[in-house]
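Working notes, beginning with the structure itself.
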Amino acid sequence: MTLRVRVSMFSILLLLASLAVSAGATPASAAVAGDVISAQPTTVYLLPGKLLEVPVNTWHVLYRSTSATGAPNAVSGTLLVPKASYALGRRPIVGYATGTHGLGDQCAPSASMREGREAELAFVSLLLLKGFAVVVTDYEGLGTPGTHTYMAGISQGHAVLDSIRAAVRVPGSGLSASAPVAVMGYSQGGASAGWAAQLQPSYAPDLRLKGAAAGGVPADLRAVATHLEGGPDFGLAAAAGVGFDAAYPELDLEADLNERGRALMADAADDCVGDLDKLAGLRFSDLSPVDLLNQPKWEARLTANRLGALPPRVPMFLYHARGDQIIPYAVGQTLRSEYCRAGVNTRWVSLPAPDHVTGAVEGGPLAVEWLTLRLLGLPAFGNC
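Numbering-wise, the sequence shown is residues -30 to -1, 1 to 354 according to mature numbering (1 follows the signal peptide of the UniProt record, and there is no 0).
Shown next as structure tokens:
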């Protein structure tokens, strides 16, 4: 298996979509980001063994989006809409971005929700209990053809924004294109939520974005990768290398790896997050004879995907665990400082959590409550 080639059942759907013009479908030339390619009813569960079905209307959606380099692509996701009517006007929509799941299609949030093994359904459920619709993207290449563009923030931001656009176009969803919108995520999802907020004014001005909550944000991937080298979570940095290589073909990662690196990275290219610990303790120098992070081509793409340079126009809720062992606390502090200097209405919460995962547990409910107030139209107060 190479780093670039994987086959998915969605290849068939994409082919059928391209042939559907003769049946009266929208011509491919007229297709736009956020268009729905397919939407199939599905069921999601809180526990394995199809136990504790989430009692909402649910669709597995394949929709059009845009890659990190501006090319059209197709992304999958899951839309969840409460069955009860919403009494306060147009039902709000939250684009929920999950944290790291892995690189293989079997790791996609849509698959884990169907199989009752999606831990982040706990936070999604809090939003559903508010009466909000929630759409969870799988991101580019996770559940669809190609390699997952893991941690390529521009691609991830597009996928989040277009999942919301697609949600209102799903037949029977009952959602309005003029509904208030929010985005939320932690870790990989925190970066995705941040990028969605930064890109929204230029990429999706049609969305009525009211705020974004982003926790444990790996805003500076170079700093995070340097921190992870030689440690127990180096697999995450290596996976980001695979993701960037998929997003930006000119990086040609495979050509710069040694024999050991090619074998390890090819093996990891379809792993879920729990399997990446096989790379624990390694460094990039173990995988490549060149200094990857200091190569101009990598520096350029890492810089382009660094959060903070483009200020969002909506209030931001940022939260970070002081004991985060994966995403350095200082990385989160820097993002906060950059947003504050740019005049962004920023609420920063420093969590006492001793590690990365506990930060999600402590901060998630706070983020839900903050977003709820934004979606109800209440003003946000920052603490810059």
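Positions of the beta carbon are idealized from the N, C-alpha and C atoms, including for glycine.
Taking the beta strand (DSSP E) that Leu295 belongs to, which residues open and close that run?
Residue identity differs from the one stated: residue 295 is Gln in this sequence, not Leu. Unbroken run through Gln295: none, as it is neither H nor E.
State the CB to CB distance for the pair Ala207 and Ala238, rounded to an integer number of angstroms; the pair is presumed to be in contact (CB under 8 Å).
Going by Cβ atoms, the distance from Ala207 to Ala238 rounds to 11 Å, so no, they are not a contact pair.
For the structure I just gave you, are there three or more beta carbon pairs, one from the region 330 to 347 and one from the region 168 to 175, closer than 8 Å?
No, the region 330 to 347 is not in contact with the region 168 to 175.
Could you give the C-beta distance for Leu305 and Ala189, rounded to a whole number, given that I count them as a contact under 8 Å?
By a beta-carbon distance limit of 8 Å, Leu305 contacts Ala189. Their separation comes to about 4 Å.
By Cβ distance below 7 Å, which residues in the same chain neighbour Leu17 in space, the five residues on each side in sequence not counted?
Taken in chain order, the residues that qualify are Gly86.
Would Gly205 and Asp247 qualify as a contact pair, given that the criterion is a beta-carbon distance under 9 Å?
Pairing Gly205 with Asp247 gives a Cβ-Cβ distance under 9 Å.
Which one of Leu177, Leu288, Leu58 has the shortest CA to CA distance from Leu321?
Among Leu177, Leu288, Leu58, the Cα nearest to that of Leu321 is on Leu288.
Mapping the DSSP letters down to three states, classify Leu277 as helix, strand or coil.
Three-state DSSP puts Leu277 in coil, outside helix and strand.
Would you mind giving the Cβ-Cβ distance between Leu280 and Gln168, rounded to the nearest angstrom? I have them listed as a contact below 8 Å.
For a cut-off of 8 Å, the C-beta gap from Leu280 to Gln168 is around 4 Å, short enough to register as a contact.
Using DSSP with H/G/I as helix, E/B as strand and the rest coil, what is Lys180?
Correct three-state label for Lys180: strand.
Over the uninterrupted beta strand (DSSP E) stretch that includes Pro171, give me the two end residues.
Not the beta strand (DSSP E): Pro171 falls in the alpha helix (DSSP H), residues 158 to 173.
Measuring only the C-alpha atoms, how far is Val260 from Ala195?
So the alpha carbons of these two residues sit roughly 16 Å apart.
If you run the structure through DSSP and keep just helix, strand and coil, what is Gly(-7)?
Reliability fails at Gly(-7), whose pLDDT of 32 lies under 50, so the model's placement of it is uncertain and no value is given.
Short check: CB of Leu97 to CB of Val24, under 9 Å?
It is not a contact, given that the beta carbons lie outside the stated cut-off.
At least 3 beta-carbon pairs within less than 8 Å: the region 343 to 354 vs the region 176 to 186
Yes, the region 343 to 354 touches the region 176 to 186.
Taking just the CA atoms, how far does Glu110 sit from Asp222?
Going from the Cα of Asp222 to the Cα of Glu110 covers about 19 Å.
Report the option in Thr70, Ala89, Val301, Arg61 whose CA atom is closest to the CA atom of Gln158.
Cα-wise, what sits closest to Gln158 is Thr70.
Measure the CB-CB distance between Arg311 and Ala350 and report whether it falls below 9 Å.
Cβ atoms of Arg311 and Ala350: not closer than 9 Å.
Measure the beta-carbon distance from Ser46 to Val64 and round it to whole angstroms, keeping in mind my assumption that it falls under 8 Å.
At roughly 18 Å, the Cβ-Cβ gap does not stay under 8 Å, so Ser46 and Val64 are not in contact.
Is it buried or exposed for Pro282, if we count other Cβ within 10 angstroms and need 16 for buried?
Pro282 is classed as buried because its beta carbon has at least 16 other beta carbons within 10 Å across all chains shown.
Does the beta-carbon distance from His128 to Thr48 come in below 9 Å?
9 Å or more divides the Cβ of His128 from the Cβ of Thr48.
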